[in-house]
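A.B. asks:
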Amino acid sequence: MTSVSRAARSARLPFVNALFFPVATLHAAVMLPLWVGGLLGAWQLPAGLDFRAAHAHEMLLGFGMAVVAGYLLGPQPMAVTVTLLGLWVTARIGFMTAPEHALALTSTALFAAGVAWRVVPRFALAAKQWRNRIVAPVVLALALLTFVGPGVLLHADSGPQQASLLLQTTVLLLGLLMFYMGGRILAAAIAGHLQRRGRKLLARVQPRLEGAALLALIGSLLLQPVEQPLASTIQGCLLCIAGLLTWVRLIRWQLWHCLDRPDLVALASGYAWLGIGLLMLGLARLGAPVMPSVGVHSLTMGALGTLTLTVMARTRLLYRFRDADVMKRTYFSALLISLATLARIAVDLPFLNARFDVALAAAAVLWSLACLGILPALFASTVVARHGRYGLRID
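Here it is in structure tokens:
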């Protein structure tokens, strides 16, 4: 079969994100407030959220993996999409009701294996440069952590070091993926926007800078399990370098020329949180008076939350309407995510003297509102497009 015929057949297949994105967003909108409310004593937590690392498991290896799958799987046969989504939903329901039951563990394992099976070979074989091949090993590692995660995190009290290592490794892997994928999306989108305005962006992908940051992140990942002072110092330096390079890359994209593009501003805010999170993690490893949780939540709530919600909305709107800003109010969610992140990290900044319960509740409510805020775009991009409501040509 020729490459042209393969491409034509692939183009006719439905995109996985049409189903994965709305379901993952609804899950995120409900899960965090549900956990926070139970933690603050408002109601009794279900079994799947009543353990130490429950919310981290659901948000990183549940929500995070669903978004990764939805974005990277691309077009797939409907049978594959429905099967993978069914496994993911079964795993989520299973964990809520009986987290150690074979149903939850088996569906999780099959979902992780299915995502790796459909994503890893495509990215490993298609790319020529090492930087472009980084997606394959990262997705494979995330799939493995999704597979072993429940067994480790459910018994975090008896093995806190293993649970901490798993979560920190997951955060760094997602940070690496966000740096690479988010950077490629921003570079292309900003360059195209500036070109339409008669400007030329010389610093696009910035391959040397990208390569240096990726090497720093890979080095920090390799040093993560090493429990020695020298290793911590080196890892801290590498994370600080990666965070600073993220900000240098962001500044060189000249975002001040893109203030009329809410989607690009939202993406840039997520990339900014990524740089802050990496820098804060690095400073914490170096012994600075910064709590590691500041860096963790800057990466997870700030960067992961903003980038995933924005990318999901932007992907669906572009696909259906050919215009990422056809529903501009959607990107107000990025501001809500930033406010939620500030509320959460305020708890870990002693000079703010924030009340734990108030800050945590505010963060959860803002997070949920942000998730709900992009749902109209996700559903409209599927339903409204049939009627040409926005006067655009819809295929």
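Mapping to my numbering: the sequence shown position 176 is 194, numbers consecutive. Beta carbons: idealized from backbone N, C-alpha and C, even for Gly.
Hey, could you find the ends of the alpha helix (DSSP H) Gln224 is sitting in?
C.D. replies: Translated into the one-based positions of the sequence shown, residue 224 becomes position 206. Where Gln224 is concerned, there is no enclosing alpha helix (DSSP H), given that its DSSP letter is neither H nor E.
A.B. asks: Are three or more beta carbon pairs between the stretch 33-40 and the stretch 79-89 nearer than 8 angstroms?
C.D. replies: Yes: the two stretches touch, three or more of their Cβ pairs being nearer than 8 angstroms.
A.B. asks: Kindly confirm or deny that the stretch 170-180 and the stretch 205-222 touch, where touching means at least three C-beta pairs closer than 8 angstroms.
C.D. replies: No, the stretch 170-180 does not touch the stretch 205-222.
A.B. asks: Considering just the uninterrupted stretch of the alpha helix (DSSP H) at Phe39, what are its terminal residues?
C.D. replies: Start at 1 with the first residue of the sequence shown, and residue 39 comes out as number 21. Per DSSP, Phe39 belongs to the alpha helix (DSSP H) from 35-57.
A.B. asks: Could you tell me which residues DSSP puts in a beta bridge with Pro280?
C.D. replies: Here residue 280 is taken as the residue at index 262 of the sequence shown, counted from 1. In DSSP, Pro280 forms no bridge with anything.
A.B. asks: Out of Ala71, Leu91, Arg30, point me to the one whose CA is closest to Gly132's CA.
C.D. replies: For the purposes of this step, residue 132 is taken as the residue at position 114 of the sequence shown. Cα-wise, what sits closest to Gly132 is Leu91.
A.B. asks: Whose C-beta lies closer than 7 angstroms to the C-beta of Thr20 among residues of the same chain, with five residues either side of it excluded?
C.D. replies: As a first step, residue 20 must be located in the sequence shown, where it is residue number 2. Bear in mind that a pLDDT of 48 at Thr20, under 50, signals an unreliable position, so the model cannot answer this.
A.B. asks: Along the chain, where does the alpha helix (DSSP H) containing Tyr89 start, and where does it finish?
C.D. replies: Here residue 89 is taken as the residue at index 71 of the sequence shown, counted from 1. Looking at the DSSP string, the run of the alpha helix (DSSP H) that includes Tyr89 is 83-90.
A.B. asks: Measure the C-alpha to C-alpha separation of Gly313 and Trp148 and round it to an integer number of angstroms.
C.D. replies: Residue 313 sits at position 295 when you count from the first residue of the sequence shown. Residue 148 sits at position 130 when you count from the first residue of the sequence shown. C-alpha separation (whole angstroms): 28 angstroms.
A.B. asks: Could you tell me how far apart the beta carbons of Pro394 and Met345 are, in whole angstroms, since I believe they sit closer than 8 angstroms?
C.D. replies: Translated into the one-based positions of the sequence shown, residue 394 becomes position 376. Translated into the one-based positions of the sequence shown, residue 345 becomes position 327. With a Cβ gap of about 7 angstroms, Pro394 and Met345 count as contacting.
A.B. asks: Count the other C-beta atoms from every protein chain shown that fall within 10 angstroms of the C-beta of Asn35, then say buried if there are 16 or more, exposed otherwise.
C.D. replies: In the sequence shown, counting from the first residue as 1, residue 35 sits at position 17. When all chains shown are included, Asn35 counts as buried.
A.B. asks: Between Ala398, Phe397, Gly88, Thr188, which lies nearest to Leu165 when the distance is taken from Cα to Cα?
C.D. replies: Here residue 165 corresponds to residue number 147 of the sequence shown, with the count starting at 1. Note on identity: in this sequence residue 165 is Phe, with Leu being the wrong assignment. Closest option to Phe165, Cα to Cα, is Thr188.
A.B. asks: When you compare the CB positions of Leu268 and Tyr289, do they come within less than 8 angstroms of one another, or not?
C.D. replies: Residue numbering aside, residue 268 sits at position 250 when the sequence shown is read from its first letter. Residue numbering aside, residue 289 sits at position 271 when the sequence shown is read from its first letter. For Leu268 and Tyr289, yes; Cβs fall inside 8 angstroms.
A.B. asks: Within 10 angstroms of its Cβ, does Leu396 collect 16 or more other Cβ (buried), or is it exposed?
C.D. replies: To locate residue 396, count along the sequence shown from 1; it is residue 378. Buried: at least 16 other Cβ atoms inside 10 Å.
A.B. asks: Spatial neighbours of Lys146 within its chain, please: C-beta separation below 8 angstroms, excluding the five flanking residues on both sides.
C.D. replies: The residue given as residue 146 occupies position 128 in the sequence shown. Closer than 8 angstroms at Cβ, skipping near neighbours: no residue.
A.B. asks: On a CA-only basis, which of Ser287, Gly55, Met114, Pro32 is nearest Thr326? Give me that one, please.
C.D. replies: The residue labelled residue 326 in the question sits at position 308 within the sequence shown. Cα-wise, what sits closest to Thr326 is Ser287.
A.B. asks: DSSP three-state label for Pro307, please.
C.D. replies: Walking along the sequence shown from the start, residue 307 turns up at place 289. In the structure shown, Pro307 sits in coil (DSSP, three-state: anything other than H, G, I, E or B).
A.B. asks: Keeping to the same chain, check which residues put their C-beta closer than 6 angstroms to that of Ala159; ignore five residues upstream and five downstream.
C.D. replies: By 1-based counting over the sequence shown, the position of residue 159 is 141. Cβ within range, chain order: Leu191.
A.B. asks: If the criterion is Cβ atoms closer than 8 angstroms, does the pair Leu204 and Ala234 meet it?
C.D. replies: Residue mapping note: residue 204 aligns to position 186 of the sequence shown, counting from 1. Residue mapping note: residue 234 aligns to position 216 of the sequence shown, counting from 1. Cβ atoms of Leu204 and Ala234: not closer than 8 angstroms.
A.B. asks: Using three-state DSSP, classify Leu243 as helix, strand or coil.
C.D. replies: Counted from its first residue, the sequence shown places residue 243 at position 225. One point to set straight first is that residue 243 is Pro, not Leu, in the sequence displayed. Of the three classes helix, strand and coil, the one that applies to Pro243 here is coil, per DSSP.
A.B. asks: Which residues does DSSP list as the beta-bridge partners of Pro93?
C.D. replies: Stepping through the sequence shown from its first residue, residue 93 is reached at position 75. Beta-bridge pairing links Pro93 to Phe33.
A.B. asks: Between Leu317 and the rest of its own chain, which residues show a CB-CB distance below 6 angstroms, the 5 nearest in sequence each way excluded?
C.D. replies: In the sequence shown, counting from the first residue as 1, residue 317 sits at position 299. Closer than 6 angstroms at the Cβ level, and outside the excluded window around Leu317, lie Val189, Gly193, Gly295.
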